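Heads up: the structure comes next, in structure tokens.
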Amino acid sequence: MKKIIVLCVFAACAALAGEIPTTNLFESTPWILLTGSHEVGFNWMTTQPANSWLEYRQDTNSEWKVSFYSKYGLKDGNTLYHKAYVKDYDPKKPIWYRFVGTEVIKFKFFTAKYHPEVRSEEGMIKPVVRPDGSWTAAVFQDVHAQNDMYEPLLKLAGEDVTLAVSNGDPCHYFNSEEDIVKLLGIPLSFFAKKGIMATFVRGNHETRGSHARYLPNYITLRNDQYYGTADLGFARVLFLDSGDDRADFNKQYGGSIDFDPYMLEEGEWLRKEVASEKYKKAPWKVVIMHIPPQTGEDTWERAKPHFEDQVPTLVKAEPDIVICGHDHRYQYYNKEDAKKLGFSFPYVVGDTKPLERATVERLDVKENELALTVFRGDGTTLTNEVWRK
Ligand SMILES: [Fe+2]
Numbered sequence: 102m103k104k105i106i107v108l109c110v111f112a113a114c115a116a117l118a119g120e121i122p123t124t125n126l127f128e129s130t131p132w133i134l135l136t137g138s139h140e141v142g143f144n145w146m147t148t149q150p151a152n153s154w155l156e157y158r159q160d161t162n163s164e165w166k167v168s169f170y171s172k173y174g175l176k177d178g179n180t181l182y183h184k185a186y187v188k189d190y191d192p193k194k195p196i197w198y199r200f201v202g203t204e205v206i207k208f209k210f211f212t213a214k215y216h217p218e219v220r221s222e223e224g225m226i227k228p229v230v231r232p233d234g235s236w237t238a239a240v241f242q243d244v245h246a247q248n249d250m251y252e253p254l255l256k257l258a259g260e261d262v263t264l265a266v267s268n269g270d271p272c273h274y275f276n277s278e279e280d281i282v283k284l285l286g287i288p289l290s291f292f293a294k295k296g297i298m299a300t301f302v303r304g305n306h307e308t309r310g311s312h313a314r315y316l317p318n319y320i321t322l323r324n325d326q327y328y329g330t331a332d333l334g335f336a337r338v339l340f341l342d343s344g345d346d347r348a349d350f351n352k353q354y355g356g357s358i359d360f361d362p363y364m365l366e367e368g369e370w371l372r373k374e375v376a377s378e379k380y381k382k383a384p385w386k387v388v389i390m391h392i393p394p395q396t397g398e399d400t401w402e403r404a405k406p407h408f409e410d411q412v413p414t415l416v417k418a419e420p421d422i423v424i425c426g427h428d429h430r431y432q433y434y435n436k437e438d439a440k441k442l443g444f445s446f447p448y449v450v451g452d453t454k455p456l457e458r459a460t461v462e463r464l465d466v467k468e469n470e471l472a473l474t475v476f477r478g479d480g481t482t483l484t485n486e487v488w489r490k
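Numbering follows the working numbering, with no gaps: position 238 of the sequence shown is 339.
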């Protein structure tokens with residue numbers, strides 16, 4: 102008995118000193134985000150502070166490649182949150198992945214000490230683009246913390262979707278790390294569990310709360326930005342950050358936001374983007390942004406610069422479809438209806454909870470055909486539009 106107590110005390114002391122490695126370093130599912138035409142960002146957690154990196158391959162018989170995240174010359178280390186980019190991603194192939202980690206015992210200069218490397222289980226994400234170049238997106242918006250809507254909405258959209266898009270406002274605000282993980286990381290990992298690639302577009306609620314400014318610590322971005330593009334099959338997709346609907350001086354923020362210069366910077370980028378050959382030559386042009394274009398009296402407080410700078414650029418650029426959320430009211434404007442409002446493109450605005458009224462937008466992109474189908478949580482189909490070239 103005495104011997105057991107001594108052993109237990111010894112084990113407890115060793116554990117306290119970090120001498121015994123944890124048995125479940127990789128407990129959670131990662132969130133895996135498409136961040137460019139040939140780029141994917143992996144985001145994962147460890148249960149203990151660790152140095153951790155990604156191993157991946159796109160053919161089962163090829164060698165595993167390694168990717169770790171580093172910035173300003175420093176590798177990520179001694180942390181619970183990890184990320185890595187794959188910059189040679191082929192969207193027409195599946196991607197297999199696993200994580201390697203060394204749990205940290207001591208992380209000090211001269212005396213860094215780690216437990217032996219351990220590997221997570223392997224996972225696989227199915228190709229985003231099918232062999233014939235077609236692909237299908239399911240766009241979710243304004244889930245606002247009702248995480249149990251993802252599953253039924255995905256079922257309605259069809260489990261053959263190849264890309265799940267979080268188009269803003271999965272949360273009310275991010276006041277803590279827990280908010281980010283629970284309301285963004287875990288929902289996005291739901292798609293990874295099903296082998297579906299996801300991607301993220303920031304809504305205005307992700308700009309709110311004390312932890313909003315730390316969001317990039319937990320997700321991989323597009324060239325370090327929330328906005329960017331991807332060429333997928335026969336479409337060029339623009340993922341835009343529409344900022345907030347409230348102005349920088351709004352009292353609710355207490356002087357903590359500075360969107361005006363940021364949005365103008367994005368506007369400048371957008372002008373270059375739509376003037377590019379890649380945009381002009383793309384067979385289909387798709388825009389996904391959280392806040393819809395608006396006119397007249399229903400314009401939100403943030404009229405400038407999103408609505409007075411970026412939206413006119415889109416009007417000139419004539420995308421084939423613009424997919425939005427934010428209004429909490431389903432709307433679809435075909436090209437003719439949109440024209441009456443001063444816009445040159447058809448656009449759809451998805452609805453929100455409860456599930457019976459929430460919508461998911463399915464976009465099918467093929468060489469000569471683009472199709473938008475909007476499903477409502479009550480089982481009805483609201484829009485079924487097909488464009489052909
Ligand atoms: Fe919103």
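C-beta: ideal position from N, C-alpha, C; glycine also. Model, not experiment: these values are computed from the prediction.
Supposed contact pair Asp342 and Glu367 - C-beta distance, whole angstroms, cut 8 Å: 6 Å
Residue span of the beta strand (DSSP E) that contains Lys207, given as start and end: 196–207
Residues near Thr481 in its chain [Cβ-Cβ closer than 7 Å; skip 5 each side]: none
Three or more C-beta pairs below 8 Å linking the segment 452–469 and the segment 319–335: yes
In DSSP terms, what Ser510 is bridged to: Outside the modelled stretch of the chain, which goes from 102 to 490, sits residue 510, for which no answer is possible.
Of the listed residues Gln432, Phe275, Leu134, Gly443, nearest to Val416 (C-alpha basis): Gly443
Buried or exposed by the 16-neighbour rule on C-beta atoms within 10 Å, applied to Glu260: By the C-beta density criterion, Glu260 is exposed, having fewer than 16 other C-beta atoms within 10 angstroms.
Close Cβ partners of Glu278 (< 7 Å) along its chain, the five nearest in sequence each way excluded: His312
Distance cut 5 Å, beta-carbon to ligand 1 heavy atom: residue list by chain order: Asp270, Gly304, Asn305, His427
Between the CA atoms of Val475 and Lys454 - distance to the nearest angstrom: 15 Å
Of the listed residues Trp132, Glu470, Ala439, nearest to Gly224 (C-alpha basis): Trp132
Those runs of the beta strand (DSSP E) which lie wholly inside the segment 146–188 and span at least 3 residues: 166–168, 180–187
Unbroken alpha helix (DSSP H) run spanning Phe498, endpoints: This structure cannot speak to residue 498, because the chain is shown only from 102 to 490.
Contact set for Pro394: own chain, Cβ-Cβ below 6 Å, skip 5 residues either direction: Val412, Phe444
Inter-residue spacing [alpha-carbon to alpha-carbon] between Arg199 and Arg220: Going from the Cα of Arg199 to the Cα of Arg220 covers about 7 Å.
Alpha-carbon to alpha-carbon, Trp154 and Phe143: Cα to Cα, Phe143 sits roughly 10 Å from Trp154.
Candidates His427, Lys256, Asp346, of which the one nearest His391 by Cα: His427
Identified DSSP bridge partners for Ile389: Partner(s): Phe340, Ile424.
Beta-bridge partners of Thr143, as assigned by DSSP: Correcting the residue type first, residue 143 is Phe in the shown sequence and not Thr. Note: Phe143 sits in a beta bridge opposite Ile133, Ala185.
Endpoints, alpha helix (DSSP H) assigned at Leu483: No alpha helix (DSSP H) contains Leu483, which is instead part of the beta strand (DSSP E) from 482–489.
Residues near Gly310 by beta carbon distance below 6 Å, same chain, minus five either side: Tyr274, Phe275, Asn276
Sheet register partners of Lys193 (DSSP bridge): In DSSP, Lys193 forms no bridge with anything.
Segment limits, beta strand (DSSP E) that includes Glu470: 470–477
Option in Ser171, Tyr190, Leu175, Ala376 with minimal Cα separation from Lys184: Ser171
Burial state of Asp438 (16 or more Cβ within 10 Å): exposed
Beta carbon of Thr148 nearer than 8 Å to that of Asn179: no
Bounding residues of the alpha helix (DSSP H) (the contiguous stretch that carries Gly368): Boundaries of the alpha helix (DSSP H) around Gly368: 360–376.
Same chain, Cβ closer than 6 Å to Val107, five either side skipped, listed in chain order: For Val107, the predicted model reports a pLDDT of 46, less than 50, meaning its position is unreliable; a value from the coordinates is still stated below. Hits under 6 Å: none found.
Supposed close pair Ile491, Phe340 - CB separation, criterion 8 Å: What the structure shows of the chain is the stretch from 102 to 490, and residue 491 is not part of that stretch, so it cannot be assessed.
Three-state secondary structure (DSSP) of Asp349: coil
Whole-number beta carbon distance between Pro447 and Asn435, since they are thought to touch under 8 Å: 5 Å
Tyr251, enclosing alpha helix (DSSP H) - first and last residue: Judged by DSSP secondary structure, Tyr251 falls within the alpha helix (DSSP H) whose first and last residues are 251–258.
For Tyr215 and Val244, the rounded distance between their alpha carbons: 40 Å
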